[in-house]
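The sequence shown begins at 59 in the working numbering and counts up one residue at a time. Ideal Cβ placement from N, Cα and C applies to all residues, glycine included. One structure is given below, encoded as structure tokens.
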Amino acid sequence: MTSVKQVQVTFDCADPERVARFWCEVLGYVVPPPPEEFAGWDDFHRAQPPEKRGAWFVAMDPTGVGPRLYFQRVPEGKVVKNRVHLDVRVATGLVGEERLAVLEAECARLIPLGATRGKLLLADEENESCLNMQDIEGNEFCLD
């Protein structure tokens with residue numbers, strides 16, 4: 059039996075490059091270089107047939123540890139809550155007021171990038187506090 063070596067997370071969205079660049083800022087990811095024969099991504103997109111221009115974009119962890127994020131254009135908008143979401147682990151190991159302060163600071167950093175703040179879920183007997191958020195196209199994620 060073969061084991062999985064890598065995981066890619068795919069986002070359906072209206073504007074792949076915009077959403078990819080948002081997630082680069084959130085996670086410290088980078089946009090990979092374009093194919094060798096192109097000076098930049100704009101040149102690559104211009105070389106595509108009109109219906110394919112801007113159809114997808116990628117964000118990747120510069121260390122190669124985190125999963126590659128792939129953003130693909132789809133015609134329909136988001137209708138219901140995500141069944142899968144990312145937890146952005148900004149407060150791992152922290153508890154109480156220290157954890158809340160880190161969650162709030164990260165939220166404050168992401169809102170000017172286009173994120174939307176959701177509900178703060180306070181710690182209970184089983185879970186630490188986390189903060190629900192949405193990216194620039196309404197995809198849910200948590201600051202954890």
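Query, Result
"G154, enclosing alpha helix (DSSP H) - first and last residue", "154–168"
"Boundaries (first-last residue) of the beta strand (DSSP E) holding A78", "Taken as a continuous stretch (DSSP letters only), A78 belongs to no beta strand (DSSP E), being part of the alpha helix (DSSP H) at 74–85."
"Coil, strand or helix - F69 by DSSP", "strand"
"Pick from Q64, E134, T60, D119 that is closest to D73, judged by C-alpha positions", "E134"
"Alpha carbon of E162 to alpha carbon of D202, nearest angstrom", "11 Å"
"Distance between beta carbons of V77 and E195, contact taken as under 8 Å", "6 Å"
"Meets three-Cβ-pair contact criterion under 8 Å: the region 153–161 and the region 170–177", "no"
"Inter-stretch contact (C-beta, 8 Å, three-pair minimum) for the region 112–131 and the region 79–88", "yes"
"Pick from Y87, V88, F102 that is closest to E94, judged by C-alpha positions", "F102"
"Sequence-distant residues of its chain with Cβ nearer than 8 Å to A113 (five each side left out)", "P74, Q106, Q130, R131"
"Residue from Y87, L179, V146, K139 with nearest C-alpha to Y128", "Y87"
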